[in-house]
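Enquirer: Okay, here's the structure, questions in a sec.
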DNA sequence: CTTGACCCTCCCGTGACGGGAACCTTTATG
DNA sequence: CATAAAGGTTCCCGTCACGGGAGGGTCAAG
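Chains as they are written, first to last, in our numbering: chain V, 4 to 131; chain L, 4 to 131.
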């Protein structure tokens, strides 16, 4: 199965699939003409990666998760640890963004937004 | 005032200040020995940038905000438009992260996290 | 006079790809 | 059978906002 087909099945752009091969996440076979040849196992791995990336796992996380996925004797606690850590990071990011949102919403609300130069947003950025 | 001092006053690393000069956000004078020399106006600009970046504005946004800051005849609506757009982007980002959090929290909760290979997190990533 | 703390420029690396050039192979069509 | 379109390949540069470090000049203190 060539890369275009693999792209269609997994939803990943061909460029991304090549990149994943570059960094060693998947190792497709090669046909005689040099074209990549993806088996069902490769496709499963790529789909796995697509879903993990969609959940915001980093490539490094994905590498670990993929290793655990391939390890029949894995302990679920290992997987859970990665997920928990990622969850904590996401929650921190959300909290930071919510702070930003509060400040910005406040500024936007107190700004008249008219033709006059008087602007509390600029004032705030000016004075801290 | 040399770059170390400017860094201390604004809280920006020296590297960042040099970068801001590279991309044309600030244009400090130069002393005879080639050292950058920052005036009060430069420091105000840098502090402005530090606060705007802290609120998550992109460098491109900052460039626009800085131009408006310097324009005594600006309309506050122009500033408000940038801030509102940024606010919308932040809210979208928060929503996306909250979705992720919900899914991940669910997965983490249903995972036993013991020594056995049975793991709902992997299952979910495997099957979609 | 030397030491150490500054300063400078320049180049490489980050994360996770995207765009595009230059070139080869396969497939469909006149 | 020739050709054109649509696939494939590698390779290199660009993204964003800097950080790290090399290699070298400058300055103040002991």
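Beta carbons are placed, not taken as given, at the ideal position from N, Cα and C, and that holds for glycine.
All values reported here derive from a predicted model rather than from experimental measurement.
1. Let me know if residue 89 of chain V comes out buried or exposed under the rule of 16 or more other beta-carbons within 10 Å of its beta-carbon.
2. Taking all protein chains shown into account, do 16 or more other C-beta atoms lie within 10 angstroms of the C-beta of residue 2 of chain L, making it buried, or fewer, making it exposed?
3. Based on DSSP bridge pairs, tell me the residues matched to residue 32 of chain V.
4. Measuring only between beta-carbons, confirm whether residue 96 of chain V sits less than 7 Å from chain L.
5. Please go through the same chain and pick out, in chain order, the residues whose beta-carbon is closer than 6 Å to the beta-carbon of residue 23 of chain L, but skip the five residues on each side of it.
6. So is residue 122 of chain V in contact with chain L if we call contact Cβ pairs under 7 Å?
7. Listing by chain order, which chain V residues have their CB less than 8 Å from the CB of residue 106 of chain L?
8. Could you tell me which chain V residues have their CB closer than 8 Å to the CB of residue 101 of chain L, listed as they occur along the chain?
9. Step through the CB atoms of chain L and report whether any lies within less than 7 Å of the CB of residue 42 of chain V.
10. Buried or exposed for residue 59 of chain V, please, with buried defined as at least 16 other CB atoms from any protein chain shown within 10 angstroms of its CB.
11. Which residues, in order along the region 69-89 of chain V, keep a beta-carbon less than 7 Å from a beta-carbon of chain L?
12. Are residue 116 of chain V and residue 77 of chain L touching if we call contact CB-CB under 7 Å?
13. When you compare the CB of residue 65 of chain V with every CB in chain L, is at least one pair closer than 7 Å?
14. Count the C-beta pairs between the region 100-109 of chain V and the region 118-127 of chain L that are closer than 8 Å, then say yes if the count reaches three, no if not.
15. With residue 110 of chain L and residue 34 of chain V assumed to form a contact (beta carbons below 8 Å), what rounded beta-carbon distance in angstroms separates them?
16. Would you decide whether residue 8 of chain V is buried or exposed? Buried here means 16 or more other CB atoms lie within 10 Å of its CB.
17. How would you list, in chain order, the residues of chain V whose beta-carbon sits under 7 Å from the beta-carbon of residue 116 of chain L?
18. Below 8 Å on the Cβ atoms is my contact criterion, and I expect residue 93 of chain V with residue 128 of chain L to pass it. Report the Cβ-Cβ distance as a whole number of Å.
19. List the endpoints of the continuous alpha helix (DSSP H) containing residue 123 of chain V.
Expert: A quick look at the data gives this:
1. For this step, residue 89 of chain V is matched to residue 86 along the first chain. Flag for residue 89 of chain V reads buried.
2. There is no way to answer for residue 2 of chain L, as the model of chain L reaches only from 4 to 131.
3. Along the first chain, read from residue 1 onward, the residue named residue 32 of chain V stands at position 29. In the DSSP output, where bridge partners are listed per residue, residue 32 of chain V has V:40.
4. Position 93 of the first chain holds residue 96 of chain V. Interface residue, yes.
5. One-based indexing of the second chain puts residue 23 of chain L at position 20. Excluding sequence neighbours, residue 23 of chain L sits near 29.
6. Locating residue 122 of chain V in the first chain gives position 119, counting from the first residue. Yes, because at least one Cβ of chain L sits closer than 7 Å to the Cβ of residue 122 of chain V.
7. Residue mapping note: residue 106 of chain L aligns to position 103 of the second chain, counting from 1. Neighbours of residue 106 of chain L on chain V, chain order: 58.
8. Residue mapping note: residue 101 of chain L aligns to position 98 of the second chain, counting from 1. In chain order: 97.
9. By 1-based counting over the first chain, the position of residue 42 of chain V is 39. Not one chain L Cβ lies under 7 Å of residue 42 of chain V.
10. Along the first chain, one-based indexing puts residue 59 of chain V at 56. Within a 10 Å sphere around the beta-carbon of residue 59 of chain V sit 16 or more other beta-carbons, which makes this residue buried.
11. 71, 72, 75, 76, 77, 78, 79, 80, 82, 83, 86, 87, 89
12. Looking up residue 116 of chain V in the first chain gives position 113. Looking up residue 77 of chain L in the second chain gives position 74. Against a cut-off of 7 Å, the Cβ pair of residue 77 of chain L and residue 116 of chain V comes out as no contact.
13. Translated into the one-based positions of the first chain, residue 65 of chain V becomes position 62. So, not an interface residue.
14. no
15. Residue 110 of chain L sits at position 107 when you count from the first residue of the second chain. Residue 34 of chain V sits at position 31 when you count from the first residue of the first chain. The Cβ separation is near 38 Å, so there is no contact.
16. In the first chain, the residue the question calls residue 8 of chain V occupies position 5. Per the 10 Å Cβ criterion, exposed.
17. Locating residue 116 of chain L in the second chain gives position 113, where the first residue counts as 1. Result: 79, 80, 83.
18. Here residue 93 of chain V refers to the residue found at position 90 of the first chain. Here residue 128 of chain L refers to the residue found at position 125 of the second chain. Actually they are not in contact, since the Cβ atoms of residue 93 of chain V and residue 128 of chain L sit about 16 Å apart, beyond 8 Å.
19. Numbered from its first residue, the first chain carries residue 123 of chain V at position 120. Run containing residue 123 of chain V: 123-130, per the alpha helix (DSSP H) assignment.
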